[in-house]
Structures are given as structure tokens and as C-alpha cells.
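S.K.:
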Amino acid sequence: MAGASKSFTGHTAVSELDLTIPRGGVCGLLGPNGSGKTTTLRMIMGILMPDRGSVSLFGGDPKHTRRKQVGYLPEERGLYPKMKVLEQLTFLAEIRGLSKSEGRARAGRWLERFELAAWADKKAEALSKGMQQKVQFIGTVLHEPELLILDEPFSGLDPINQDALERLVRDFRDQGRTIIFSTHLMHQAESLCDRVCLISSSRKIIDSNLRELKREERKGAVGVEFEGPDHWMGGPEIASVEDMDGWSRLVLRDGADHQPILERAVAAGARILRFELLEPSLHEIFLRYTDDR
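The sequence shown runs 33 to 325 under the numbering used here.
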């Protein structure tokens with residue numbers, strides 16, 4: 033995506049978004065509700081066209097380029113309610129280029145994997161919401177796409193099914209496929225993503241390798257375990273002190289250097305047992321950047 037923007041009746045959903053997603057790995061599109069995540073995914077799919085800027089998929093126009101190599105799970109969940117589960121999955125496989133026999137065989141294997149084989153001949157309307165979501169996910173991956181685009185895939189799933197979906201995303205990643213998913217659930221993104229893009233108020237705020245991002249953001253807090261006096265913790269570098277279980281978390285002011293704190297502690301006669309920069313969670317990073325706006 034290069035300078036992609038999209039508006040609806042005076043509301044800017046996405047503004048001047050530049051985004052390049054390398055092949056292989058998992059990219060999380062993060063942001064609060066209403067930040068523009070779904071609109072971004074729909075532009076990648078060619079469902080929506082940008083008002084300005086451009087979008088390419090596999091190097092070409094998303095509306096015409098190798099669409100059968102993409103599996104898309106939209107935000108709006110939906111199956112044909114009167115159609116039987118196995119028939120529905122076989123139909124979805126056929127429209128994505130598989131033969132009826134191959135589609136039926138693959139659907140059967142996936143239903144077994146999701147413990148839904150007993151529901152194969154039931155109408156979709158007989159399934160619970162969570163079961164329907166699993167069936168729709170199966171329909172998204174039946175044709176073994178190179179690229180998976182999942183819009184809020186964990187929404188509405190119970191913890192057991194969330195874990196099952198996480199395992200499947202990792203399996204696809206380990207096979208060298210590319211996965212893009214949107215979420216506002218930071219723990220899932222932190223568990224799965226190699227790369228994250230944070231959108232807030234329709235604009236990109238962060239676009240980074242997750243490991244590098246956390247290493248860069250590690251400058252904001254220090255964990256220290258010590259014996260002796262503690263008056264050295266009142267220095268100008270420290271914004272706040274949090275008492276943890278046997279140690280202290282020192283939150284630094286923006287731009288503060290941690291080294292003078294250690295020097296001051298030693299000079300005060302404190303015996304330092306542990307002194308380390310703390311890696312923030314993705315949740316903490318998310319709050320910092322969205323609160324700043």
C-alpha cells in the first residue's frame with residue numbers, strides 16, 4: 033500500500049497509509065475499534081478501492097491477481113443457514129478451484145481436526161456461533177492459500193477455540209505462508225506476530241518487527257532488586273516507583289538515562305542484586321501510543 037486513503041461520507045477511515053508486508057510470517061494489524069483496520073484489509077482484498085494512493089497484491093491489482101491464492105475471513109461472519117456443513121465447505125472449495133472430490137476430502141479432514149465431523153450433515157443453523165466460526169475458518173483455508181487475511185479472527189471464540197486457532201496460525205506460518213490478521217487483543221498479537229502495524233485515528237503509528245519494537249521500547253522501565261537504603265530512588269530520571277514481589281519497577285521519564293540511577297544507588301551504599309531494563313508488553317506499548325493521541 034502506498035499513500036492509501038479511504039473516506040466514507042466525510043469520515044476518513046484510512047489516511048495516507050504506507051504498508052509493505054513481506055512474504056512469510058505473521059503480521060498483526062492492530063488498533064482500537066473504528067481505527068481503520070477492516071477498511072485496510074478490504075482494500076488489500078480489492079473489495080474497496082482507495083480514494084487516493086495505490087494497493088497491490090502479489091505485485092498486481094488486488095481485484096485480478098491470483099485471488100485463489102488468498103484466503104479471506106471477513107469481519108462479518110456468515111454461512112448459508114439451510115445448507116449442510118459438508119456440502120457448504122465442498123461448495124466453497126469448488127469455487128476456489130478444487131474438484132468436488134478433493135474439496136470434500138479436505139473438508140472432511142478439517143472437520144475432524146476441529147472435532148466437527150459429527151456435524152458434517154447438519155445444517156449450519158444448528159451449530160453454535162463458535163462452531164459456525166470454525167466452519168467459516170475451514171472454508172477460508174481449504175484451498176491452502178499462500179496468503180491468509182483474517183479480520184478479528186478471535187472475536188467470539190472461547191479460550192479453547194482461541195488456542196486452537198492460534199495453533200493453526202502458527203502451523204501456516206511454519207509452512208512459509210503469510211498471515212495478516214486484525215485484532216484489538218494485544219495478548220494474541222504478542223503471541224503470534226512477527227510484525228505489527230498499529231493504526232490509530234485512521235493513521236499508521238507503528239510499523240515494525242515486533243522483537244525490534246519491544247527492544248526499542250525497553251528503555252522506559254528498570255527492574256531493580258537491592259538491599260540497603262532506598263533514598264536514591266527519588267532522582268529526576270524516575271517518574272514513579274512500583275513495589276513488586278520482592279523487587280521494584282522504576283518507570284523512567286521520557287528520554288531519561290538509567291545509568292545515573294545505578295551509579296547513585298551504588299554511591300548510596302545499596303547492594304544491587306538485580307538491575308535490568310524491562311521489556312514492555314505489547315499491551316503497554318499499545319496504550320502508550322494510543323493514549324498519546
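Where is the CB? At the ideal position from N, CA and C, for every residue including glycine. Please read all numbers here as calculations on a predicted model, not as lab measurements.
Excluding five sequence neighbours on each side, which residues of the same chain lie with their C-beta closer than 6 Å to the C-beta of A125?
M.R.: If you number the sequence shown from 1, residue 125 lands on position 93. Excluding sequence neighbours, A125 sits near G135, L174.
S.K.: Could you please give the first and the last residue of the uninterrupted alpha helix (DSSP H) stretch that includes Y321?
M.R.: Locating residue 321 in the sequence shown gives position 289, where the first residue counts as 1. Element bounds for Y321: 314-323.
S.K.: Looking at the structure shown, is I304 part of a helix, part of a strand, or coil, going by DSSP?
M.R.: Working through the sequence shown from its first residue, we reach residue 304 at position 272. Strand, per DSSP.
S.K.: Does the pairing of the segment 51-62 with the segment 207-218 give three or more beta-carbon distances under 8 Å?
M.R.: Yes: at least three Cβ pairs fall under 8 Å.
S.K.: Assuming the contact rule is C-beta atoms closer than 8 Å, F146 and K166 should be a hit. Round their C-beta distance to whole Å, please.
M.R.: Locating residue 146 in the sequence shown gives position 114, counting from the first residue. Locating residue 166 in the sequence shown gives position 134, counting from the first residue. The pair is a contact, with the Cβ atoms about 5 Å apart (cut-off 8 Å).
S.K.: Does the distance from the C-beta atom of E259 to that of L305 stay below 8 Å?
M.R.: Working through the sequence shown from its first residue, we reach residue 259 at position 227. Working through the sequence shown from its first residue, we reach residue 305 at position 273. Contact flag set, yes.
S.K.: Can you tell me the Cα-Cα spacing of D153 and L121, whole angstroms?
M.R.: For the purposes of this step, residue 153 is taken as the residue at position 121 of the sequence shown. For the purposes of this step, residue 121 is taken as the residue at position 89 of the sequence shown. Roughly 11 Å separates the two Cα atoms.
S.K.: Would you grab the beta carbon distance between K251 and L51 for me? Rounded to a whole angstrom, and I think it's under 8 Å.
M.R.: Working through the sequence shown from its first residue, we reach residue 251 at position 219. Working through the sequence shown from its first residue, we reach residue 51 at position 19. Actually they do not touch by this definition, with Cβ atoms about 26 Å apart.
S.K.: Taking 8 Å as the threshold (C-beta atoms), are P177 and V102 in contact?
M.R.: In the sequence shown, residue 102 corresponds to position 70, counting from 1. In the sequence shown, residue 177 corresponds to position 145, counting from 1. In this structure, P177 lies closer than 8 Å to V102 by Cβ.
S.K.: What are the start and end residues of the beta strand (DSSP E) that includes T215?
M.R.: The sequence position of residue 215 within the sequence shown is 183, counting from 1. First-last of the beta strand (DSSP E) with T215: 210-215.
S.K.: Return the first residue and the last residue of the alpha helix (DSSP H) that S47 is part of.
M.R.: What you label residue 47 is simply residue 15 of the sequence shown in a count that begins at 1. Not the alpha helix (DSSP H): S47 falls in the beta strand (DSSP E), residues 43-49.
S.K.: So L230 and L62 are supposed to be a Cβ contact under 8 Å. How far apart are they, rounded?
M.R.: Counting from 1 along the sequence shown, the entry for residue 230 is found at position 198. Counting from 1 along the sequence shown, the entry for residue 62 is found at position 30. Confirmed, about 5 Å.
S.K.: Residues in its own chain within less than 8 Å of G162 by CB, not counting five upstream and five downstream?
M.R.: As a position in the sequence shown, residue 162 is number 130, starting the count at 1. The answer, listed in chain order, is G188, L189, D190, N193.
S.K.: For D239, which three-state DSSP category applies?
M.R.: Here residue 239 is taken as the residue at index 207 of the sequence shown, counted from 1. D239: strand per DSSP, three-state reduction.
S.K.: State the Cα-Cα distance for the pair S37 and E144, rounded to the nearest angstrom.
M.R.: The count along the sequence shown starts at 1 and reaches residue 37 at position 5. The count along the sequence shown starts at 1 and reaches residue 144 at position 112. Approximately 42 Å between the Cα atoms of the pair.
S.K.: Put K132 into one of helix, strand or coil per three-state DSSP.
M.R.: Taking the sequence shown and counting its residues from 1, the one referred to as residue 132 is at position 100. Helix, per DSSP.
S.K.: Report the start-end ranges of each beta strand (DSSP E) in the segment 39-120 that is 3 residues or longer and not cut off at the edges.
M.R.: Whole beta strand (DSSP E) segments, 3+ residues: 43-49, 57-62, 84-86, 102-105.
S.K.: Span of the alpha helix (DSSP H) holding R250?
M.R.: Residue 250 sits at position 218 when you count from the first residue of the sequence shown. Careful: R250 lies outside any alpha helix (DSSP H) and carries neither H nor E.
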